[in-house]
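Novice: Before we start, here is the structure in question, set down as structure tokens.
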Amino acid sequence: MLETVNLSKYFGGLKAVDAVNFKVNTNEKVGIIGPNGAGKTTFINLLSGLYPPTSGKVIYLRENITSMGISERVQRGIVRTFQLASVFTDLKVVENIALAYLKFTNVYKSFKERFLGNFLSEEIIDKAFKALKEVGLENKAYKQCSELSYGEQRKLEIMMALTLDPKVILIDEPFAGLSEVEIYEIIDLLKEHTRTKTMVIIDHKVSKVTSFVDRLCVMCEGKFLCEGKPDDVICDPKVRAIYWKYE
82 MLETVNLSKY
92 FGGLKAVDAV
102 NFKVNTNEKV
112 GIIGPNGAGK
122 TTFINLLSGL
132 YPPTSGKVIY
142 LRENITSMGI
152 SERVQRGIVR
162 TFQLASVFTD
172 LKVVENIALA
182 YLKFTNVYKS
192 FKERFLGNFL
202 SEEIIDKAFK
212 ALKEVGLENK
222 AYKQCSELSY
232 GEQRKLEIMM
242 ALTLDPKVIL
252 IDEPFAGLSE
262 VEIYEIIDLL
272 KEHTRTKTMV
282 IIDHKVSKVT
292 SFVDRLCVMC
302 EGKFLCEGKP
312 DDVICDPKVR
322 AIYWKYE
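Residue numbers (our numbering): 82 to 328.
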């Protein structure tokens with residue numbers, strides 16, 4: 082589904098991602114863990130098109146998309162979330178979901194109609210409410226996003242990404258800043274809605290990531306140190322020595 086070939090990103094003399102070869106198969110769930118500064122988020126930024134690589138390739142469905150921009154990748158089915166919940170706080174909750182649904186409608190012919198007109202058609206409102214019900218936010222549909230708790234904003238961001246009906250979803254530290262209850266709610270949400278999707282997820286909460294991924298990769302100093310079944314990777318001496326500093 083998605084592959085990188087010798088993918089690298091340098092910031093001056095810093096090799097944030099260093100000649101990484103990576104593959105994720107259709108409907109596979111892959112977790113990426115590693116210490117701070119390992120290059121995990123930079124790697125996601127390269128996959129999503131936020132950063133151009135210094136060298137190497139990104140291949141999606143056997144097509145070279147290395148030079149393709151973010152919006153083109155979204156249109157083709159690659160969607161991501163961010164380390165900090167990324168929603169439009171000045172808009173209402175339902176409007177955030179509605180914006181995601183605009184990807185699927187041809188009703189709006191011009192920039193003015195799309196962004197300045199009334200995009201909350203009855204059809205889109207109905208779809209938006211169904212999506213909000215999935216994350217328990219239907220009763221807050223007409224509140225400003227700024228009034229939501231951080232955990233609620235995270236749920237909304239993930240549902241906005243899922244609303245785009247991605248083939249590949251890239252999840253960047255979804256559990257950061259959440260309570261244990263909220264973390265398990267996010268896990269349930271991802272399990273329920275990504276059964277037929279390919280997913281790459283990074284986070285520092287190792288036990289939470291390993292609970293629902295098919296394969297686990299460990300990144301250190303811009304390279305993949307180890308990968309395989311989660312239980313095997315966690316017990317690997319190289320992982321214990323470098324990630325947890327155990328000898």
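Just so you know, even glycine gets a beta-carbon here, dropped at the ideal spot from N, CA and C.
Hey, quick one: how far does the alpha helix (DSSP H) through Y182 stretch, first residue to last?
Specialist: Locating residue 182 in the sequence shown gives position 101, where the first residue counts as 1. Y182 -> alpha helix (DSSP H) spans 174-182.
Novice: Can you check whether the CB of V281 is closer than 8 Å to the CB of C226?
Specialist: The sequence position of residue 226 within the sequence shown is 145, counting from 1. The sequence position of residue 281 within the sequence shown is 200, counting from 1. Not a contact, by the Cβ cut-off of 8 Å.
Novice: For V320 and S292, what's the separation of their Cα atoms in angstroms?
Specialist: Looking up residue 320 in the sequence shown gives position 239. Looking up residue 292 in the sequence shown gives position 211. Distance between the alpha carbons of V320 and S292 is about 18 Å.
Novice: Got a sec, what are the start and stop residues for the beta strand (DSSP E) L297 sits in?
Specialist: Counting from 1 along the sequence shown, the entry for residue 297 is found at position 216. Here the beta strand (DSSP E) through L297 covers 296-301.
Novice: So, are the CB atoms of N87 and S136 less than 8 Å apart?
Specialist: Taking the first residue of the sequence shown as 1, we reach residue 87 at position 6. Taking the first residue of the sequence shown as 1, we reach residue 136 at position 55. With respect to S136, N87 sits close: the two C-beta atoms are nearer than 8 Å.
Novice: List the endpoints of the continuous alpha helix (DSSP H) containing L165.
Specialist: Your numbering for residue 165 matches position 84 in the sequence shown. First-last for L165: undefined, no H or E at that position.
Novice: Can you check the region 245-285 for any alpha helix (DSSP H) of at least 4 residues that lies completely inside it and give the ranges in chain order?
Specialist: 261-274
Novice: Can you check which of these residues, P318, V287, P311, D284, is closest to L297 by C-alpha distance?
Specialist: By one-based count along the sequence shown, residue 297 stands at place 216. Ranking P318, V287, P311, D284 by Cα distance to L297 puts P311 first.
Novice: For E84, which three-state DSSP category applies?
Specialist: Numbered from 1 along the sequence shown, position 3 holds the residue referred to as residue 84. Strand.
Novice: Any idea if S288 is buried or exposed, counting beta-carbon neighbours within 10 angstroms, 16 or more meaning buried?
Specialist: Indexing the sequence shown from 1 puts residue 288 at position 207. Flag for S288 reads exposed.
Novice: Any chance the region 160-174 sits against the region 235-255, with 3 or more Cβ pairs inside 8 Å?
Specialist: yes
Novice: Can you tell me which of P318, D269, A212, T85 puts its alpha carbon nearest to the alpha carbon of R143?
Specialist: Position 62 of the sequence shown, counted from the first residue, corresponds to residue 143. It is T85 whose Cα lies nearest to the Cα of R143.
Novice: Use the C-beta contact count for T277: other C-beta atoms within 10 angstroms, 16 or more gives buried, fewer gives exposed.
Specialist: Within the sequence shown, residue 277 is the residue found at index 196, counting from 1. It is exposed - the Cβ of T277 has fewer than 16 other Cβ atoms within 10 Å.
Novice: The alpha helix (DSSP H) with I146 in it runs from where to where?
Specialist: Here the question's residue 146 lines up with position 65 in the sequence shown. Premise fails: I146 is in no alpha helix (DSSP H) and is neither H nor E.
Novice: Can you list, in chain order, the stretches of the beta strand (DSSP E) that have 3 or more residues and sit fully within the region 92-153?
Specialist: 95-105, 110-114, 136-141
Novice: Classify K90: buried if its beta carbon has 16 or more other beta carbons within 10 angstroms, exposed otherwise.
Specialist: As a position in the sequence shown, residue 90 is number 9, starting the count at 1. It counts as buried.
Novice: For K236, does the three-state DSSP call read helix, strand or coil?
Specialist: Numbered from its first residue, the sequence shown carries residue 236 at position 155. The answer is helix: DSSP assigns K236 an H, G or I state.
Novice: Just the C-alpha distance for D246 and G93, rounded to the nearest angstrom, thanks.
Specialist: The residue you call residue 246 lines up with position 165 of the sequence shown. The residue you call residue 93 lines up with position 12 of the sequence shown. Cα to Cα, D246 sits roughly 37 Å from G93.
Novice: Buried or exposed, going by whether 16 or more other CB atoms sit within 10 Å of the CB of E228?
Specialist: Within the sequence shown, residue 228 is the residue found at index 147, counting from 1. With fewer than 16 other Cβ atoms within 10 Å, it is exposed.
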